[in-house]
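Residue numbering for the sequence shown follows the numbering used here, starting at 1 and increasing by one per position.
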Amino acid sequence: MGFRWRFRWGRRRRCSVEEGKTCPRFENLVTLEELKTGEEGIIVKVLGNGTFRQRLLEMGFLPGTKVRVIRYAPLEDPVEYEVKGYHVALRHEEAARVLVEKCPK
């Protein structure tokens with residue numbers, strides 16, 4: 001009985017959108033590395049597992065937190081971000097693990 005309960009409630013809900021269109025819940029969803037200088041976003045999820053994910057969460061990359069791109073380094077890597085009032089530099093491969101929702105300008 002426990003298995004059926006978990007299976008029933010573990011299903012993901014699908015968006016009822018016409019074929020070929022983007023789900024409204026995900027149209028502003030991008031990775032942190034896709035934001036340009038000066039753009040802001042709200043963290044939705046930190047992907048991955050292990051020590052690096054834990055480190056990001058401890059540094060303040062929590063869901064619901066606002067993040068802003070300050071500047072790119074001269075060779076495009078790393079990128080400086082502002083989270084909770086302090087500055088953090090992340091490489092592109094690290095920033096690709098953080099999903100954000102773009103804030104409208």
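Ideal Cβ positions, reconstructed from N, Cα and C, are used throughout, including at glycine.
Computed from a predicted model, the values in this text were never measured in an experiment.
Residue environment, residue i, which counts as buried when at least 16 other CB atoms sit within 10 Å
i	result
I43	buried
L62	exposed
A73	exposed
S16	Legend: pLDDT at S16 = 48, less than 50; position of this residue unreliable, no value from coordinates given.
L56	buried
E47	The amino acid at residue 47 is misidentified as Glu; the sequence shows Leu. Exposed, because fewer than 16 other Cβ atoms sit within 10 Å of the Cβ of L47.
G38	exposed
G41	buried
Nearest to residue i (by Cα), restricted to the options the options
i	options	result
R117	H87, G48 and G64	Shown here, the chain extends from 1 to 105; a query on residue 117 therefore has no answer.
L75	R91, L56, G50 and K66	R91
A95	C103, E80 and G50	E80
G85	M59, T31, T51 and E33	M59
K66	V83, V30, K45 and T51	V83
K45	G64, T51, F52 and C103	G64
Whole-number beta carbon distance between residue j and residue i, since they are thought to touch under 8 Å
i	j	result
L32	V98	4 Å
V69	K105	Not really, about 13 Å apart at Cβ, beyond 8 Å.
heavy atom of the ligand NAP below 7 Å from residue i C-beta
i	result
A89	For the structure depicted, the ligand NAP is absent and the ligand set is empty, with no information on it obtainable.
Point to revise | Residue ranges of each beta strand (DSSP E) within the segment 34-69, 3 or longer | key: 40-46, all fully within the segment 34-69.
Review point. Counting only runs that start and end within the segment 72-105, where is the beta strand (DSSP E) found for 3 or more residues in a row?
Key: DSSP runs (the beta strand (DSSP E)) wholly in the segment 72-105: 79-83, 86-90 and 98-102.
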